[in-house]
Amino acid sequence: MDADKPTEIPATGWWQVIRRAWAEAKADQVPLLAAGVAFFSFLSLFPALVAAVLAYGLVADPAQIRDQVKDLAASMPASGRDLLLQQLDALMSAPRQGLGIGVAIAVIAALWSASGGVGYLLTAVNLAYDEEAARDTTKGEPRPIGRRNAVKADSVPQ
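Going by the working numbering, the first residue of the sequence shown is number 481, and it counts up by one from there.
In structure tokens, the structure reads:
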């Protein structure tokens, strides 16, 4: 029986769909891929935070920055919020003379880590959907950041 809408699938059909999806996710090691993508996403968070705080620190008072970040982080889990605020405090205790060069270094680090994270995300999506990469991403490194970070329509499953 072919269903045109999900509401036309009987209960036994849904059970088959769940079993096939579970088996496919297990075969593609989707939990491992998700953990890797989450790791690299989290890894790229701190360079981006450093770049944002240093750039904002060029024009704002450090105490004002901490108050604003504390308000924004109120919805985060306690352990994540504490870690974020500890890192922010460490950044704010640095002397203000090196902010300009610090911003440049932090932006480069943030773009590099985000570029790697996006590359791993695209690899994970390709593996999960059993797709081959359309091009060899190892040739020509380092690639221009904007081109590497752009999510292309051909890598998203149709």
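Ideal Cβ positions, reconstructed from N, Cα and C, are used throughout, including at glycine.
Counting of Cβ neighbours within 10 angstroms places residue 571 among the buried residues, the total reaching 16 or more. About 6 Å separates the Cβ atoms of residue 567 and residue 526, confirming a contact at the 8 Å cut-off.
Under the Cβ criterion (8 Å, minimum of three pairs), the stretch 584-597 counts as touching the stretch 526-537. Look at the beta carbons and you see the stretch 501-520 touching the stretch 599-615: at least three pairs across the two are nearer than 8 Å. Boundaries of the alpha helix (DSSP H) around residue 536: 510-537. In this structure, the alpha-carbon of residue 574 lies about 10 Å from that of residue 542. By the C-beta density criterion, residue 580 is exposed, having fewer than 16 other C-beta atoms within 10 angstroms. In this chain, residue 556 is not harboured by any alpha helix (DSSP H), its DSSP state being neither H nor E. In this structure the stretch 548-568 does not lie against the stretch 487-504, because fewer than three pairs of beta carbons, one per stretch, are closer than 8 Å.
One thing to note: residue 524 has its Cβ within 8 Å of the Cβ of residue 590.
The closest CA to that of residue 596, considering only 530, 508, 519 and 540, is found on 519. CA-CA distance, residue 548 to residue 559, rounds to 18 Å. Annotated three-state conformation of residue 489 is coil, per DSSP.
Between residue 553 and residue 564, the beta carbon gap of about 5 Å places them in contact (Cβ cut-off 8 Å). The C-beta of residue 539 has fewer than 16 other C-beta atoms within 10 Å across all chains shown, which makes the residue exposed.
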